[in-house]
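K.L.:
Sequential numbering from 16 applies to the sequence shown in the numbering used here.
The beta carbon of each residue, even a glycine, is placed where N, CA and C say it ideally should be.
My questions all concern the structure below.
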Amino acid sequence: AIMLRLIKKHSSGKLNMNDKLEAQFYEFMMNGGETGIISSRTIEQHKSAIRNELRDAHSKIKILKALRFLATQLDDLNRAAENCARFAAFITSREMGRSLDRSIYDAKEISVNFNKKGSGATFLLRPGQTVVGNVASFLSGLGRAFIIFWGAGVQGLTNISRASKRHPAKAFVPFATLFLLGVINVYLAMNDDDDDDDDKEKKGKTGYFDLPTATRRSNILFKAGDSWIAIPLSIEYRAIYGMGELMMSVIGGKEHLTDAELAHAIAGQVTQVLPIDFMEGGGGHAIIPSAIKPWMEAYVMNESWTGLPIYKDTAFNKEMPEWTKAYPRDNKYLVNLAAALNEATGGDKYTKGAVDINPSQLGYMLNGYFGGISSTIDRMTKLAATASGDMEYDPSSLPVLNRFIKAGDERTEYRAVNREYARLEEEYNVVAGRLRGYENDTDNGIFNFAEKIDFLENSPEYRRYLIFGDYKQEIDDLYQERKEAATEEERKQIESEINELKRMLVEEVEATRNRE
Numbered sequence: 016a017i018m019l020r021l022i023k024k025h026s027s028g029k030l031n032m033n034d035k036l037e038a039q040f041y042e043f044m045m046n047g048g049e050t051g052i053i054s055s056r057t058i059e060q061h062k063s064a065i066r067n068e069l070r071d072a073h074s075k076i077k078i079l080k081a082l083r084f085l086a087t088q089l090d091d092l093n094r095a096a097e098n099c100a101r102f103a104a105f106i107t108s109r110e111m112g113r114s115l116d117r118s119i120y121d122a123k124e125i126s127v128n129f130n131k132k133g134s135g136a137t138f139l140l141r142p143g144q145t146v147v148g149n150v151a152s153f154l155s156g157l158g159r160a161f162i163i164f165w166g167a168g169v170q171g172l173t174n175i176s177r178a179s180k181r182h183p184a185k186a187f188v189p190f191a192t193l194f195l196l197g198v199i200n201v202y203l204a205m206n207d208d209d210d211d212d213d214d215k216e217k218k219g220k221t222g223y224f225d226l227p228t229a230t231r232r233s234n235i236l237f238k239a240g241d242s243w244i245a246i247p248l249s250i251e252y253r254a255i256y257g258m259g260e261l262m263m264s265v266i267g268g269k270e271h272l273t274d275a276e277l278a279h280a281i282a283g284q285v286t287q288v289l290p291i292d293f294m295e296g297g298g299g300h301a302i303i304p305s306a307i308k309p310w311m312e313a314y315v316m317n318e319s320w321t322g323l324p325i326y327k328d329t330a331f332n333k334e335m336p337e338w339t340k341a342y343p344r345d346n347k348y349l350v351n352l353a354a355a356l357n358e359a360t361g362g363d364k365y366t367k368g369a370v371d372i373n374p375s376q377l378g379y380m381l382n383g384y385f386g387g388i389s390s391t392i393d394r395m396t397k398l399a400a401t402a403s404g405d406m407e408y409d410p411s412s413l414p415v416l417n418r419f420i421k422a423g424d425e426r427t428e429y430r431a432v433n434r435e436y437a438r439l440e441e442e443y444n445v446v447a448g449r450l451r452g453y454e455n456d457t458d459n460g461i462f463n464f465a466e467k468i469d470f471l472e473n474s475p476e477y478r479r480y481l482i483f484g485d486y487k488q489e490i491d492d493l494y495q496e497r498k499e500a501a502t503e504e505e506r507k508q509i510e511s512e513i514n515e516l517k518r519m520l521v522e523e524v525e526a527t528r529n530r531e
């Protein structure tokens, strides 16, 4: 709030030079302490900008003025958030007796310095260059050419490595603290009554483990009513914090991972500190050039960088119109537009038209290529739809606050249950195959397999096999009913029953594991 006030006073030229803090802020701003995008305009571009300013100032269209005012306020909020740490570093550096130039440098380097670009491939194959130097130049040039945040990743890794090397004891303290915070957060969630609540009719409530894995391991989370307050962590810190979160989730039985899956999850935490996270989204996303990444994720992979699906893609909706595959929290205006185009070109709710657009893919593409502008417009339209009652309340629809308020959705609530169900189904099929083979061989006079049958029937795998068998037929019947559902409401009701049965199955299996 103080930073926002200082920015507004500086913009209007009203900083009080007799006030120590305001004088320091003036010194900070006038010497380049604020780090952001720098652009040089030609004379013609300046003239055009001035004409646009005058036109907007005298415009009778109030909506344009309102949008411009809103954009200015959002920009000031963003600048305030960005410069809090930088200005604090500047003041601290000055109080330590450092020069003005050094203090400005300290302010820029306290976080990613977006005015620092690096040399890229400038020194590749230059006379006297070493093999290591050529490799580094090649990778740097490749990263700068194809990965948007390559420079930020290199700076972050460099800064944290330099600090750890110079002050290993001081670096260990925040790392150990964040690891323990990850453990404590999961422990508190495991003992939270709401998270263990068997009443699945709770609407609007999000348990800790209903949140996406990427959200849980990138933020320190606090329960706030039916949602969660998130304190975002830097890339380097979230790697350590997430390791503690992962460890406690596995030990506490909230995530059942094989040795290979656990190794994969640990590697995913560690590689976050690299300029390219090779395990992003479960792997495969990092090597995609930024220029085509949104398109690849939306139209080829149907998976965002967090590992969540972008639209519903199930066996029963393959031939349905694309707009019916959107999630409830997707932009309603894009969904309605896609539905209207589909109907206008010969389609209906159950038939594809000549123009069949997937609104989830389109929305993801727009946000991916146009960044903050598109996502802000998207959230504002969702906020309007929520206010009018056309859309359920969703914290992610709140501009600015969406970064600090988290909640689960249809894609995440039963994700862990479905993943465990798939694992149990695979084990069921393996045990069933072994059992059939042993019984056939025993019937054919190979009696030494009788012992193996006895051993198998007394194993934990067999107990899970029996439990799964008790639920399997009913779940399969519901899947068939869902395919034949006449209305969307009926389909959703059957899907809810399937998810509930799966949850009961997983909980019963978990209870047997605890007794073993």
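1. Can you give the Cα-Cα distance for residue 101 and residue 228, rounded to whole angstroms?
2. Taking only the alpha-carbon atoms, compute the straight-line gap between residue 107 and residue 113 and give it to the nearest angstrom.
3. CB residue 479 to CB residue 453, shorter than 9 Å?
4. Quick one: what's got a C-beta closer than 8 Å to residue 139's C-beta in the same chain, skipping five residues either side?
5. Give me, in chain order, the residues of the same chain whose beta-carbon lies closer than 7 Å to that of residue 264; leave out the 5 immediate sequence neighbours on both sides.
6. Comparing alpha-carbon positions, which option in 293, 369, 375 and 119 lies nearest residue 323?
7. Would the beta-carbon of residue 302 fall within 9 Å of that of residue 291?
8. Does the Cβ-Cβ distance between residue 126 and residue 57 come in under 9 Å?
9. Is any heavy atom of the ligand MN found at a distance shorter than 8 Å from the C-beta of residue 363?
10. Taking just the CA atoms, how far does residue 526 sit from residue 477?
11. From the DSSP output, in three-state form, read off residue 320 for me.
12. Give a yes or no on contact between the region 375-384 and the region 332-350, applying the rule of three or more CB pairs nearer than 8 Å.
13. Please tell me whether residue 162 and residue 305 are closer than 9 Å, where the distance is taken between their beta carbons.
14. Provide the residue span of the beta strand (DSSP E) that contains residue 372, from first to last.
15. Taking residue 17 as the reference, which of 332, 28, 173 and 36 has the closest Cα?
16. According to the neighbour-count rule (16 or more other Cβ atoms, all chains shown, within 10 Å of its Cβ), is residue 193 buried or exposed?
17. Note down, in chain order, each residue of its chain lying with its Cβ closer than 7 Å to the Cβ of residue 449, except the 5 sequence neighbours on either side.
18. Using the three-state DSSP reduction, which class does residue 21 fall into: helix, strand or coil?
19. Specify the secondary structure class of residue 405 as computed by DSSP and reduced to three states.
20. Only counting the same chain, and skipping five residues up and downstream in sequence, which positions put a Cβ closer than 6 Å to that of residue 31?
21. If you run the structure through DSSP and keep just helix, strand and coil, what is residue 420?
22. Threshold first: 4 residues or longer. Then list the alpha helix (DSSP H) segments lying entirely within the region 137-220, N to C.
23. Residues bridged to residue 236 by DSSP?
24. Does the distance from the C-beta atom of residue 198 to that of residue 276 stay below 9 Å?
25. If you drop the 5 nearest sequence neighbours on each side, which residues of the same chain put their C-beta closer than 8 Å to that of residue 134?
26. Less than 9 Å between the beta carbons of residue 98 and residue 175, yes or no?
27. If you reduce the DSSP assignment to three classes, tell me which class residue 91 lands in.
28. The alpha helix (DSSP H) with residue 116 in it runs from where to where?
29. Can you find the residues in the same chain that come closer than 6 Å, C-beta to C-beta, to residue 360, ignoring five residues on each side of it along the sequence?
30. Expressed to the nearest angstrom, what Euclidean distance is found between the alpha-carbon atoms of residue 417 and residue 505?
31. Assuming residue 223 is part of the alpha helix (DSSP H), what are its boundary residues?
32. Near residue 218, what residues of its chain come up, given a Cβ to Cβ distance below 8 Å and the 5 sequence neighbours on each side ignored?
33. With DSSP collapsed to three states, give me the class of residue 456.
34. Helix, strand or coil: which one does DSSP assign to residue 363?
35. Measure the beta-carbon distance from residue 490 to residue 523 and round it to whole angstroms, keeping in mind my assumption that it falls under 8 Å.
P.N.:
Based on what the coordinates show:
1. 30 Å
2. 9 Å
3. no
4. If we look at residue 139 and ignore the five residues flanking it on each side, its Cβ neighbours are 149, 152, 153 and 156.
5. Setting aside the 5 residues that flank it on each side, residue 264 is surrounded in the same chain by 201 and 270, each with a C-beta closer than 7 Å to its C-beta; the list follows chain order.
6. 375
7. When the beta-carbon positions are compared, residue 302 and residue 291 come within less than 9 Å of each other.
8. no
9. Judged by which ligands are present, the structure shown has none, so any question about the ligand MN falls away.
10. 15 Å
11. coil
12. yes
13. Judged by beta-carbon spacing, residue 305 lies within the 9 Å limit of residue 162, meaning their Cβ atoms are closer than that value.
14. Taken as a continuous stretch (DSSP letters only), residue 372 belongs to no beta strand (DSSP E), as it is neither H nor E.
15. 36
16. buried
17. 471
18. The answer is helix: DSSP assigns residue 21 an H, G or I state.
19. Three-state result, residue 405: coil.
20. 37
21. Taken through DSSP and simplified to helix, strand or coil, residue 420 comes out as strand.
22. 146-161, 165-181 and 183-205
23. 245
24. no
25. Close CB contacts of residue 134 within its chain, under the 8 Å cut and outside five residues either way in sequence, are with 152 and 155 (chain order).
26. No, Cβ-Cβ distance for residue 98 and residue 175 is not below 9 Å.
27. helix
28. 115-124
29. Contacts found: 368, 369 and 370.
30. 32 Å
31. Unbroken run through residue 223: none, as it is neither H nor E.
32. Note that residue 218 has pLDDT 47, beneath the 50 cutoff, so the model's placement of it is unreliable and no number is given.
33. Looking at residue 456 - three-state DSSP - the assignment turns out to be helix.
34. strand
35. Residue 490 to residue 523, Cβ: 13 Å. No contact.
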